[in-house]
Each structure stands twice: as C-alpha cells, then as structure tokens.
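In order, the protein sequence lines correspond to chains F and W.
When you read off a place in the first sequence, starting at 1, and then add 705, the result is the number in our numbering.
When you read off a place in the second sequence, starting at 1, and then add 1, the result is the number in our numbering.
Working notes for the structure below.
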Amino acid sequence: MIEVRMHGRGGQGVVASAEMLAVSAIRDGKYAQAFPSFGPERRGAPVVAFCRVDDHTIITREPISVPDVVVVLDPTVLRAVQATAGLKPGGKLVVNTCLRPEELARDLGVGGCTVATVDANRIALQFIGQAITNTAMLGALLKVEPVASLEVLYGLLRERFPAVADMNIQALQAAYDETSVAEFVMGDIVMGDKRKKLVTDLPTWRTIDHACIVFEPGSSVQYYTGDWRSMRPDWNSEKCVKCGKCWMYCPEAAINVDEHRDYKVDYDYCKGCGICAEECPYGVIVMVEECE
Amino acid sequence: MDMEQSRQKRSFAPRALPHEEYFAPGHRGCQGCGPALAFRHILKALGPNTVVAEATGCGEIISSPYPQSSWRVPWIHTAFENTAATAAGIEVAYKVLMRKGRIPEERINVVAMAGDGGTGDIGLQALSGALERGHDFIYVCYDNEAYMNTGMQRSGLTPFGAFTTTSPAGKVSKGQSTWKKDVPAIAAAHHIPYVATACISYMSDLYRKILRAAEARGPAYLHVLAPCPTGWRYPSEKTIEIGRMAVRSGVFNLYEIVDGKKRLTVKVRERLPVSEYIKAQGRFRHLTDEDIAYIQRRVYEEYEALLAEAAQI
Ligand SMILES: Cc1ncc(C[n+]2csc(CCOP(=O)(O)OP(=O)(O)O)c2C)c(N)n1
Ligand code: SF4
Ligand code: SF4
Ligand code: SF4
Ligand SMILES: [Mg+2]
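This is the structure in structure tokens:
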C-alpha cells in the first residue's frame, strides 16, 4: 500500500487533487481512497488531505500518520506545519519550491529520504495564468511515485474540467519533466517546527475527556493564526497618536499595547485582514506583501 | 457626520476600553471576521463574571476546536434549537444555588449567543419561551445574515436580493425573495425590559447597550449586525466600513426599546444612498437599478416609520 499525505492551504485544491489521484488509481484497476482532514479552519489556513492506493481492498479509514510520500503544494505551509511528521525512513518528500532538493534538504535538515522539488508556482503561472499548483504537484508526485498513470489522470481532467483541462495537463506534464529528485541516505527525517499539532497528534476517542471538556481557558493561543497571513501590517510608529482604533477593531486581538502605550502587532496571531490599516485615521499602518 | 458619531468622538476613547481579553487569539475565523470582533467586545464589556451558552454556527465552530477554546469565561456548546433554553437552565441553577447558600450571592451575566439562523429560524421557539418566562439573561444574536458556517444558505434574516446558495441569482431567482425578518420586533413583542440593535462599527453604542442589557432585571435581547467578508463578498479590510454603511444608508438601524419605549440611538443626518452599500458587496452584484430603487424605497419608508414611532413615544 502507498500512503500519500498532501499539505496546502484552504482554497488551493488540495482535497480535489487527492481525490483525482484516487479516482485515477481506481481506473487503473487498483483500490484507492482519498479524504481530507476536516477542521474548522477557514480560508488561508493550512489543510491536509490523504490518499491511499493498494492492490487489495483497503480496510482502514484512519488519517495517514506514517506516510510513504508527503506532497507540499505551498512552500509557506512548511513554516506552519510539521509536513514531514511521521514520514517513513526512505520515504519521499515532494515540495513546491524554487530550491533544489539539496538546498531544501539542508534548509529543513532532513536526511534518510528522497527529496523532490519543482517550482510549481512558476509552472502554474506560465500555463494556467494563476498560482494554482495542485495539478502541477500531481505531476511531481507521479514522477517519484507512479501511483496512477498519466494518461488516465489526463482523461479524468478532460472529463471533469473540459474548459481548463489542456492548460492543467500542460502544467502537470511540465512539472513531471522538470521535477528534480535526490536521495539522501544519511541522517534522520526531522520533524520540523513542533509548535503546530497535526490532526494525528490530537487525542483520540479513547483519550478524550467525558463531554469533551476543555479545562484551559483561552487555549486557542496554542494555535498560531499568523501562518494564514499573506499581507502584513507595517507600522510607522512616528505618526501614531495612540488613539487605539487599530487595537479596538482587530478581530484577532492581535494588537497589544506596551507600557509606553505603543501599539504593536503580534505576528503570531495577525491574519493580515487589513482592518487596522483601513481604520487608522492617520495612515500609520500600511499592508505589505508577506515575503517568504 | 452623524450626530451620534460626533458625540462619540468627543466622549469615547477606544484606548480607554478594558484591556483584558476574554476571547483569545488563535480562533479560526476568516480574516476580517465581524462576529469574532463582536464576541471580543461583548466579553470585554461584560467582564469575567459571565457564562455563555452558544449554538452551533461560525461563532461556535471557530472558537472551540477541541481540545482548544478561545473562551476565557465558562462557555457551553448547545444544539441549534435550544440556546435560550440552555441559558435559562443556567440562570435558574445559579438562582437556586444562591438561594440555598451553596454559592455566594452575586451578579452573574448569563448570555445566550447564536447566529441569525440559530436565532430567527431554528432557535425561535426556545427564545420565545425563555423571554416569556422572564429569565434574567442576555440573548445576543450576532447577525451575519445567512447560515455561514455551512457555506452560506439563506436564513429569514438574509436581506432582500442577496445571493446565497439557497437563494441563487439567475434567470428565475433574483437572490433572496423575502424582506429581512424583524427579530428584534419579535423579541419586543414579549414585553421584555430591554431590546436593542447594535453594530460592531459603532463601538461606543455597542458597549452602552451591552451594559444596559446586563443591568436589566429580566430578559434582554441584543441584535448585533456583524458583517462577514466571506459570505457578503467584500475584501476583508472593509468589515468595519461595511457595517458603517449599513447604518448610514438606513438599511440597519440602531435603536433600543426600554420598557416598551423605542429610541433611535444613532440618528443619521445625511443618509447614504442604499446603492453605495449594495454595490460594495458581491452578494448583491446581480441586482439591477430597478431592484436597487425598490430596496431604496422600502428602506426609506422603514426609516421614516421608525423615526415617527420613536418620536411618538
Ligand atoms: C438542527 C441542526 N440543523 C443543521 C445543523 C447544521 N448547521 C450547523 S451551523 C449551521 C449554520 C448556522 O447559521 P447561523 O445560526 O446564522 O450562524 P453562522 O454560521 O452564520 O454564524 C447549520 C445549518 C445543525 N448543526 N443542527
Ligand atoms: S491586519 Fe487584521 S489581524 Fe492583523 S493586526 Fe491588523 S486588524 Fe489585526
Ligand atoms: S489607529 Fe493609527 S494612530 Fe491610532 S493607535 Fe492605531 S496606529 Fe496609532
Ligand atoms: S464565514 Fe463569515 S462569520 Fe463565518 S468565520 Fe468567516 S467571516 Fe466569520
Ligand atoms: Mg448567520
């Protein structure tokens, strides 16, 4: 059995690509399943989807905690979740990034697995005109782990999305051709930043408390919504008159006041909605692109 | 500038609001979520001696992903249909415990919270029953004008003309076909001590009303308009501005009813054309000039009637 876990952000087609992979595998005569990990998170939040493919009936319905392959559709989620958590020794990590496999492996400090990289953003922009990377990343995945055949997947794309199938197929093929693969024999697969919990780390029905009581008030602070941000509010403190409007209107309570009555953003929680910049009467705050 | 706004400017200082946060960061609401901002300030105004019962809906889902919670006051999840009944039970339990001397006598704010769907459609009978029985509690309806948690289905409080997945815009349907259900009027029909409408864009008005609701002996009903960028289809930074436009155009009026007497708390001097409010949101994109003129006429009539009613009392 091959178990694939896919990481991306809400709205990027992560769930759809896991499902297309499974359907293609089934049309190839295999057994397959695909499902997302449902959470309450909204637009921009990291999401996970799973796909299993086997030659025999698949009984388990559990989320994949020990994957053979991890696919990362959006390089920024690497900062947000432990994408490599549980990856099997000798497993495969497939990432959308402009880095070479060696560079990425060095950056993440991973070893003991295969690393494949492709600049899917550029490919998607070139062929689709938008940074929608899910089809390109399917190409990269199939290069390192041929769980389904390209022809069947192309047929499925043509059937489901006749209007945009051609450009998606071109993107998929280009990613398949351009993906660089390198094997790192030495070292361990590291877990990455531990502050985020994967669904698979959460308590199970055997371990939860009766009535699902939460004993720690405000424990959502353990979850850093700053990872959802694509724009960042920047302060020009000199112009600030300390009126407090930005603080009052922030839906995240992500603006704090320090002992000098200076207003400061807590970037661990700021989602980048832009309300503070919009409502500041003195133009103190500007929204800037969150660069990697 | 509105009269109330200029008065607010003089006496209201955002930085003087309580600094304690009882609605913690890390909640999973969309960027620019109006309801999340409403919860944050309702709790600030009420303080720590507060218990909340909340129905399913965005508010509950974004704030209680097990095993975490954004609430720093006791909070209980309740089913869609019975938020007011749950709060009523809490209120009575405290009363009995105090009478028996098991807990000290003190003022505890018992709050029921639900969305527009959970209030005006599905939880209406429980709400009516609790108002009728006269429980000492505050019912807060945070109104984002549709069933947003399940992906934007119409409720009785979705405004006329708005597109939702169950009031689609196309050849046959022009979006929502009914006028917004007047739930504050339904609450007022129970002759309770305090009913008010509020909006997150008028913060001093909102604070004053929460405090009055808390002071009221008996049921208080607070209806808070809380714009939703995802469902209303506008950019996330416009949440406050959209709420302001709703009030300034007369689409959503801010008033209170104290012991049956109605009073406009924000009087709008120069009314904004309804079209400006409507054109700022994707959910109304399909409306024609004729549709907008109809809405404008009806909004105008309603506002005039409200002014007349408020003046009479
Ligand atoms: C009896 C029942 N019906 C349907 C649902 C599914 N459901 C959960 S939240 C929700 C929408 C809630 O809408 P609203 O009360 O307006 O709150 P919002 O999500 O808009 O904040 C629905 C339909 C449910 N949980 N229980
Ligand atoms: S951008 Fe939004 S979330 Fe971030 S600090 Fe400003 S108001 Fe808060
Ligand atoms: S709204 Fe602007 S002027 Fe006021 S405190 Fe915030 S940054 Fe300073
Ligand atoms: S859908 Fe609307 S109400 Fe729900 S979390 Fe998103 S912005 Fe808030
Ligand atoms: Mg709603």
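Where is the CB? At the ideal position from N, CA and C, for every residue including glycine.
Examine ligand 6 and report whether any of its heavy atoms sits within less than 8 Å of the Cβ of residue i.
i: residue 949 (chain F); result: Ligand 6 is not part of this structure, which contains only ligand 1, ligand 2, ligand 3, ligand 4 and ligand 5.
Alpha carbon to alpha carbon, what distance is there between residue j and residue i?
i: residue 81 (chain W); j: residue 952 (chain F); result: 32 Å
i: residue 839 (chain F); j: residue 289 (chain W); result: 37 Å
i: residue 811 (chain F); j: residue 799 (chain F); result: 15 Å
i: residue 89 (chain W); j: residue 711 (chain F); result: 46 Å
i: residue 967 (chain F); j: residue 947 (chain F); result: 7 Å
i: residue 316 (chain W); j: residue 121 (chain W); result: Here chain W has residues from 2 to 314 only, and residue 316 (chain W) is not among them.
i: residue 255 (chain W); j: residue 932 (chain F); result: 37 Å
i: residue 238 (chain W); j: residue 37 (chain W); result: 14 Å
i: residue 778 (chain F); j: residue 829 (chain F); result: 12 Å
i: residue 12 (chain W); j: residue 158 (chain W); result: 33 Å
i: residue 264 (chain W); j: residue 206 (chain W); result: 13 Å
i: residue 62 (chain W); j: residue 308 (chain W); result: 38 Å
i: residue 142 (chain W); j: residue 45 (chain W); result: 17 Å
i: residue 901 (chain F); j: residue 815 (chain F); result: With a pLDDT of only 46 at residue 901 (chain F), under the threshold of 50, the placement of this residue in the model should not be trusted; the figure read from the coordinates follows. Each residue's alpha carbon lies about 18 Å from the other.
i: residue 915 (chain F); j: residue 118 (chain W); result: 29 Å
i: residue 706 (chain F); j: residue 736 (chain F); result: 9 Å
i: residue 842 (chain F); j: residue 877 (chain F); result: 7 Å
i: residue 178 (chain W); j: residue 124 (chain W); result: 22 Å
i: residue 869 (chain F); j: residue 887 (chain F); result: 32 Å
i: residue 917 (chain F); j: residue 66 (chain W); result: 10 Å
i: residue 986 (chain F); j: residue 958 (chain F); result: 19 Å
i: residue 216 (chain W); j: residue 192 (chain W); result: 17 Å
i: residue 751 (chain F); j: residue 28 (chain W); result: 14 Å
i: residue 924 (chain F); j: residue 172 (chain W); result: 48 Å
i: residue 827 (chain F); j: residue 836 (chain F); result: 7 Å
i: residue 855 (chain F); j: residue 889 (chain F); result: 27 Å
i: residue 60 (chain W); j: residue 834 (chain F); result: 36 Å
i: residue 771 (chain F); j: residue 790 (chain F); result: 8 Å
i: residue 234 (chain W); j: residue 817 (chain F); result: 47 Å
i: residue 236 (chain W); j: residue 891 (chain F); result: 48 Å
Give me the DSSP bridge partner(s) of residue i.
i: residue 116 (chain W); result: W:143
i: residue 818 (chain F); result: F:889
Just to confirm my understanding: we take residue i, look at its own chain, exclude 5 residues before and 5 after, and list those with CB closer than 7 Å. What are they?
i: residue 92 (chain W); result: 111, 136, 137 and 138
i: residue 246 (chain W); result: 273, 277, 278 and 281
i: residue 961 (chain F); result: 969 and 971
i: residue 218 (chain W); result: 137 and 194
i: residue 919 (chain F); result: none
i: residue 164 (chain W); result: 170, 176, 284 and 287
i: residue 20 (chain W); result: none
Output needed for residue i: all residues of its chain with C-beta closer than 6 Å, excluding positions within five of it in sequence on either side, in chain order.
i: residue 287 (chain W); result: 170
i: residue 83 (chain W); result: 127
i: residue 769 (chain F); result: 708, 710 and 755
i: residue 104 (chain W); result: 98
i: residue 57 (chain W); result: 81
i: residue 229 (chain W); result: 35, 145 and 149
i: residue 131 (chain W); result: 85 and 89
i: residue 201 (chain W); result: 35, 38, 39, 227 and 244
i: residue 54 (chain W); result: 77, 79, 84, 87, 88 and 113
i: residue 832 (chain F); result: 872, 875 and 876
i: residue 824 (chain F); result: 803
Excluding the five sequence neighbours on either side, which residues of its own chain have a C-beta within less than 8 Å of the C-beta of residue i, listed in chain order?
i: residue 213 (chain W); result: 195, 197, 221, 257 and 259
i: residue 990 (chain F); result: 938, 939, 940, 941, 951, 981 and 982
i: residue 804 (chain F); result: 812 and 822
i: residue 765 (chain F); result: 757
i: residue 992 (chain F); result: 936, 937, 938, 939, 977, 979 and 982
i: residue 782 (chain F); result: 712, 713, 714, 751, 788 and 932
Where the region 26-38 of chain W meets chain F: residues whose CB sits under 9 Å from a CB there: Hits within the stretch, in order: 26, 27, 28, 29, 30, 31, 32, 33, 34, 35, 36, 37 and 38.
For ligand 5, residues whose Cβ lies under 7 Å from any non-hydrogen atom: W:58, W:59, W:116, W:117, W:118, W:144, W:145, W:146, W:147, W:148, W:149 and W:156
Residues in the region 974-995 of chain F having any Cβ partner in chain W nearer than 7 Å: 974, 976, 977, 978, 979, 980, 982, 983 and 984
Contact set between the region 46-73 of chain W and chain F, restricted to residues whose Cβ is under 8 Å from the partner: 62, 63, 64, 65, 66, 67, 68, 69, 70, 71, 72 and 73
Cβ-based contacts, 9 Å cut-off: residues of the region 228-241 of chain W near chain F: 230, 231, 236, 237, 238, 239, 240 and 241
Below 6 Å from a heavy atom of ligand 2 - residues by beta-carbon: F:938, F:955, F:957, F:959, F:960, F:970, F:975, F:976, F:977, F:978, F:979, F:980 and F:981
Within 8 Å of chain W by C-beta, residues of the region 940-955 of chain F in sequence order: Against chain W - using a Cβ distance shorter than 8 Å - the residues of the region 940-955 of chain F are 947, 948, 949, 950, 952, 953, 954 and 955.
Members of the region 758-775 of chain F that neighbour chain W once the beta carbon cut-off is set at 7 Å: none
Residues from the region 795-807 of chain F in contact with chain W, defined by Cβ distance under 9 Å: From the region 795-807 of chain F, no residue has a Cβ closer than 9 Å to chain W.
Residues within the region 139-170 of chain W neighbouring chain F, beta-carbon criterion of under 8 Å: none
Contacting positions in the region 86-112 of chain W - beta carbon closer than 8 Å to chain F: none
Against chain F: residues of the region 246-257 of chain W by CB proximity under 8 Å: none
Contact residues within the region 917-928 of chain F, judged by C-beta distance below 7 Å to chain W: 917, 919, 922, 923, 924, 925, 926, 927 and 928
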